[in-house]
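Trainee:
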Amino acid sequence: MSTSALVVGAGINGLLVALELARRGCSVRVIDQGEIPNQFSASHGKHRLLHPWKSDPSRGLDAHAALELWDKLLRELECDGFSRTGVIVANTDAESYEQSIRYSPSSVVLSYEDTCRLMPQLAGGQFMNAILYPEFGCLFADRILYSVCDYLSKLGVVLMPRCEVSRIEADSGRVELLDGRRMYADLVFISAGTGTHKIRGALDGLSGTIKATTMRCYVMYLDPNAAGTEFGPFSWASLGGGDLWGMPNVRGIAPKLGCGQLTTPHDPDEPSEDLDAISRRIIREYSKLYPQFSALTGRVRFNHWTLFSTPDSFHIRDKAIIMTACSGIGYKFAPLTAQKVCTAVLDSKQRAHS
Ligand SMILES: Cc1cc2nc3c(=O)[nH]c(=O)nc-3n(C[C@H](O)[C@H](O)[C@H](O)COP(=O)(O)OP(=O)(O)OC[C@H]3O[C@@H](n4cnc5c(N)ncnc54)[C@H](O)[C@@H]3O)c2cc1C
635 MSTSALVVGA GINGLLVALE LARRGCSVRV IDQGEIPNQF SASHGKHRLL HPWKSDPSRG
695 LDAHAALELW DKLLRELECD GFSRTGVIVA NTDAESYEQS IRYSPSSVVL SYEDTCRLMP
755 QLAGGQFMNA ILYPEFGCLF ADRILYSVCD YLSKLGVVLM PRCEVSRIEA DSGRVELLDG
815 RRMYADLVFI SAGTGTHKIR GALDGLSGTI KATTMRCYVM YLDPNAAGTE FGPFSWASLG
875 GGDLWGMPNV RGIAPKLGCG QLTTPHDPDE PSEDLDAISR RIIREYSKLY PQFSALTGRV
935 RFNHWTLFST PDSFHIRDKA IIMTACSGIG YKFAPLTAQK VCTAVLDSKQ RAHS
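No gaps in the numbering here: position 312 of the sequence shown is 946 in the working numbering, and each next residue is one more.
#1: Does the beta-carbon of M635 have 16 or more other beta-carbons within 10 angstroms, so that it is buried, or is it exposed?
#2: Need the endpoints of the beta strand (DSSP E) that G771 sits in, please.
#3: With H, G and I counted as helix, E and B as strand and the rest as coil, what does DSSP make of R663?
#4: What are the boundary residues of the beta strand (DSSP E) that G892 is part of?
#5: Return the chain-ordered list of same chain residues with a C-beta closer than 6 Å to the C-beta of A972, the five sequence neighbours on each side being excluded.
#6: Assuming F770 contacts L684 under a Cβ cut-off of 8 Å, what Cβ separation, rounded to an integer in Å, is found between them?
#7: Closer than 7 Å: is that where the CB of S781 sits relative to any heavy atom of ligand 1?
#8: A644 and N672 look like a contact to me (Cβ under 8 Å); what is the Cβ gap, rounded to whole Å?
#9: Could you check whether the Cβ of T944 sits closer than 7 Å to any heavy atom belonging to ligand 1?
#10: Only counting the same chain, and skipping five residues up and downstream in sequence, which positions put a Cβ closer than 6 Å to that of V723?
#11: From K922 to R914, what distance separates their C-alpha atoms?
#12: Evaluate the contact criterion for the stretch 816 to 825 versus the stretch 844 to 864: three or more CB pairs, one atom per stretch, below 8 Å.
#13: What does the Cβ neighbour count give for Y780, buried or exposed, with the cut at 16 atoms within 10 Å?
#14: Please report the residue range of the alpha helix (DSSP H) in which V651 lies.
#15: Using 8 Å for Cβ pairs, my map puts G668 next to R777. What's the rounded Cβ distance?
#16: How close, in whole Å, do the beta carbons of G835 and D820 come, if the pair is a contact with beta carbons under 8 Å?
#17: Would you mind working out which of A929, T726, P768, Y965 sits nearest I580, comparing C-alpha positions?
#18: Tell me the residue span of the alpha helix (DSSP H) that contains L909.
#19: Which stretch, first to last residue, makes up the beta strand (DSSP E) that contains L856?
#20: Just to confirm, does H938 get its C-beta within under 7 Å of one of the non-hydrogen atoms of ligand 1?
#21: Going by beta carbon distance, what residues of the same chain come within less than 8 Å of R682, once the five residues before and after it are set aside?
#22: Does L779 come out as helix, strand or coil in the three-state DSSP assignment?
#23: Cα-Cα, which of Y852, S661, D727, D952 is closest to A986?
#24: For L701, does the three-state DSSP call read helix, strand or coil?
#25: Please report how far the alpha carbon of P768 lies from the alpha carbon of V742, in whole angstroms.
#26: Does DSSP put V791 in a helix, a strand or coil?
#27: Is the beta carbon of S943 less than 8 Å from the beta carbon of K832?
#28: Could you check whether V799 and V979 sit closer than 8 Å to each other, using their CB atoms as the reference points?
#29: Taking the straight line between their C-alpha atoms, what separation do you get for L970 and Y737?
#30: In whole angstroms, give me the CA-to-CA distance for S928 and R658.
#31: When you compare only the Cα positions, how much space is there between A656 and L789?
#32: Suppose you measure from the CA of E729 to the CA of K680; what does that come to, to the nearest Å?
Now the structure itself:
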C-alpha cells in the first residue's frame, strides 16, 4: 500500500510538495479553501524574484540549489516560467559590498558608472558600486502554478478546490473540514500560508510555540510606456535603504517597484489604507537614494504572506508536517523545501518500517 498524503494549501509550497510526494510513489490529495490555483494566495502574481542576496549567508547559498531545481523542474513541466534577467544589488558601503559578493561565485562587480549606464534610473544615486548576479532573474509565478497543477493531474494527484480545513489532529492524521467532512491520511502537510494560524491544532505543540504573523506587502506597477521606465534588462533585489526590490518590463509585464520597509503586520480582513498615499511613500523611499525615481507614478496593489517566527522551513509533529515558504524565504525556495521535507519525512518513515 502506498503512503497516503494530504496537502492542505495549494500555493507553490503545497503544489511542489505534492509533486515531490507523487514522484516518490505516494498517493496524494491536495485541498485548498479556494480554487486551485487560488488567485488570492501569496503565490499568485505575475512574477517573483529568484536571487541569492540575503542578510543570512546560508540562504544565499540555498538560492543556487533552488535555481538548479527550478531549471530541472521547468524543463520537466515544459514551462517557460523563468526569465534570466540578471539581478542587481547596489552597495551603499563596504560592508554591504562584502556581503553581496559572498553569495555568488559568478557575481560581477559593476562600477558606479557602468551601473548607471545599464540602469539609467540609478544615475545620481547614493551608492558605491553594484553586484550583478547574472544567472538569476524572475519566475513567472502564476504561469508556473497552472503548469504544476496540469502536471499533477496527469500524475494522478487529486486536486480538491473549495475545501476549507478547520482542524487538524497530528497524532491520528485526521483533518476536519468546515463543512463537517473528515479526511484521514498517513501524512498531512500543512502549507496554508496566511491561513495556518486559523486552523485549530496546526501550530500546537511545536517547539517554543511558533508564531505566524500575516504581513501586507505592497507593490507599485508602473505604466510600461511612461517616460522614465526604461530600466534596462535587470531586476533588482536590494538597492539599499528601505529594501528596494523590483523588476523591469519583462515579457510585456508592467515594471514593478517594491519596498520591503512598507511590509508590515496586517490582517487580510482589515480595510486597506489609502493606496495613493502608499504609492507616494514607495516613490519617496526610492527617491531618497535615487532622484530619478521621483517623477514616476503607478498603481499600488497589495497581497499577504506569512512571517513565521522560525528560520526553519518545516516542522514534523507525528503525522503532521507544517511547512513555511515564508519566514522571509519565499516562492524561490519552494522546490528545495519540497525536496528537503520529503526526504526528511519519507526516510524517517522507511527507517521506522525496517
Ligand atoms: C507581493 C508579494 C511579492 C513577493 N515577492 C517575492 C519574491 O520576489 N520572491 C520570493 O521568493 N517570494 C516573494 N514573495 C513571497 C512568496 O510569494 C510567498 O512566501 C510564497 O508564495 C508563499 O507560498 P505558500 O505556498 O507557503 O503560501 P500561499 O501561496 O499563501 O498558499 C497557501 C494556500 O493555503 C490555502 N489555505 C489557507 N487556509 C486554508 C484552510 N484553512 N484550508 C484549506 N486551504 C487553506 C490558501 O487558500 C492558499 O491557496 C512575495 C509575496 C508577495 C505577497
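Quick reminder that beta carbons are idealized off the backbone N, C-alpha and C, glycines included.
Being a predicted model, the structure only gives us computed values, none of them experimental.
Mentor: This is what the structure gives:
#1: Within the sequence shown, numbered from 1, the residue matching residue 635 stands at position 1. Exposed, because fewer than 16 other Cβ atoms sit within 10 Å of the Cβ of M635.
#2: Position 137 of the sequence shown, counted from the first residue, corresponds to residue 771. Element bounds for G771: 771 to 773.
#3: Stepping through the sequence shown from its first residue, residue 663 is reached at position 29. It is a strand residue.
#4: Mapped onto the sequence shown, residue 892 falls at position 258. Looking at the DSSP string, the run of the beta strand (DSSP E) that includes G892 is 890 to 893.
#5: As a working note, residue 972 is residue 338 in the sequence shown. These residues qualify, in order along the chain: L650, V651, E654.
#6: Counting from one through the sequence shown, the residue named residue 770 turns up at place 136. Counting from one through the sequence shown, the residue named residue 684 turns up at place 50. Between L684 and F770 the Cβ distance is about 5 Å, and since that is below 8 Å, they are a contact.
#7: Walking along the sequence shown from the start, residue 781 turns up at place 147. Incorrect: S781 has no Cβ contact closer than 7 Å to ligand 1.
#8: Within the sequence shown, numbered from 1, the residue matching residue 644 stands at position 10. Within the sequence shown, numbered from 1, the residue matching residue 672 stands at position 38. Their Cβ separation, rounded to whole angstroms, is 6 Å, which keeps A644 and N672 in contact under 8 Å.
#9: In the sequence shown, the residue the question calls residue 944 occupies position 310. No, ligand 1 has no heavy atom inside 7 Å of this Cβ.
#10: Taking the sequence shown and counting its residues from 1, the one referred to as residue 723 is at position 89. Closer than 6 Å at Cβ, skipping near neighbours: W687, S734, I765, A871, S872.
#11: The residue you call residue 922 lines up with position 288 of the sequence shown. The residue you call residue 914 lines up with position 280 of the sequence shown. Their Cα atoms are separated by approximately 12 Å.
#12: no
#13: The residue labelled residue 780 in the question sits at position 146 within the sequence shown. By the 10 Å Cβ count, Y780 comes out exposed.
#14: Working through the sequence shown from its first residue, we reach residue 651 at position 17. Looking at the DSSP string, the run of the alpha helix (DSSP H) that includes V651 is 646 to 657.
#15: Indexing the sequence shown from 1 puts residue 668 at position 34. Indexing the sequence shown from 1 puts residue 777 at position 143. Not really, about 19 Å apart at Cβ, beyond 8 Å.
#16: Indexing the sequence shown from 1 puts residue 835 at position 201. Indexing the sequence shown from 1 puts residue 820 at position 186. Actually they are not in contact, since the Cβ atoms of G835 and D820 sit about 17 Å apart, beyond 8 Å.
#17: Because residue 580 is not part of the residues shown, which for the chain are 635 to 988, the question remains open.
#18: On the sequence shown, residue 909 is found 275 positions in, with the first residue counted as 1. That run of the alpha helix (DSSP H) goes 909 to 923.
#19: Position 222 of the sequence shown, counting from 1, holds the residue named residue 856. Unbroken beta strand (DSSP E) run through L856: 846 to 856.
#20: The residue you call residue 938 lines up with position 304 of the sequence shown. Checking every heavy atom of ligand 1 against the Cβ of H938, one is found closer than 7 Å.
#21: The residue labelled residue 682 in the question sits at position 48 within the sequence shown. Cβ neighbours of R682 beyond the five flanking positions: C772, L773, A775, G964, Y965, K966.
#22: Position 145 of the sequence shown holds residue 779. Three-state DSSP puts L779 in a helix.
#23: Residue numbering aside, residue 986 sits at position 352 when the sequence shown is read from its first letter. Ranking Y852, S661, D727, D952 by Cα distance to A986 puts D952 first.
#24: Sequence index remark: in the sequence shown, residue 701 carries index 67 (1-based). If DSSP states are grouped into helix, strand and coil, L701 belongs with the helices.
#25: Walking along the sequence shown from the start, residue 768 turns up at place 134. Walking along the sequence shown from the start, residue 742 turns up at place 108. Going by the C-alpha atoms only, they are around 8 Å apart.
#26: For the purposes of this step, residue 791 is taken as residue 157 along the sequence shown, with counting starting at 1. Coil, per DSSP.
#27: Here the question's residue 943 lines up with position 309 in the sequence shown. Here the question's residue 832 lines up with position 198 in the sequence shown. No, these two residues do not count as a Cβ contact at 8 Å.
#28: Residue numbering aside, residue 979 sits at position 345 when the sequence shown is read from its first letter. Residue numbering aside, residue 799 sits at position 165 when the sequence shown is read from its first letter. Cβ distance not < 8 Å, so V979 and V799 don't count as in contact.
#29: In the sequence shown, counting from the first residue as 1, residue 970 sits at position 336. In the sequence shown, counting from the first residue as 1, residue 737 sits at position 103. Cα-Cα distance, rounded: 17 Å.
#30: On the sequence shown, residue 928 is found 294 positions in, with the first residue counted as 1. On the sequence shown, residue 658 is found 24 positions in, with the first residue counted as 1. S928 and R658: Cα-Cα distance of roughly 52 Å.
#31: Counted from its first residue, the sequence shown places residue 656 at position 22. Counted from its first residue, the sequence shown places residue 789 at position 155. Roughly 7 Å between the two C-alpha positions.
#32: For the purposes of this step, residue 729 is identified with residue 95 of the sequence shown, where counting begins at 1. For the purposes of this step, residue 680 is identified with residue 46 of the sequence shown, where counting begins at 1. If you take the alpha carbons of E729 and K680, they lie about 33 Å apart.
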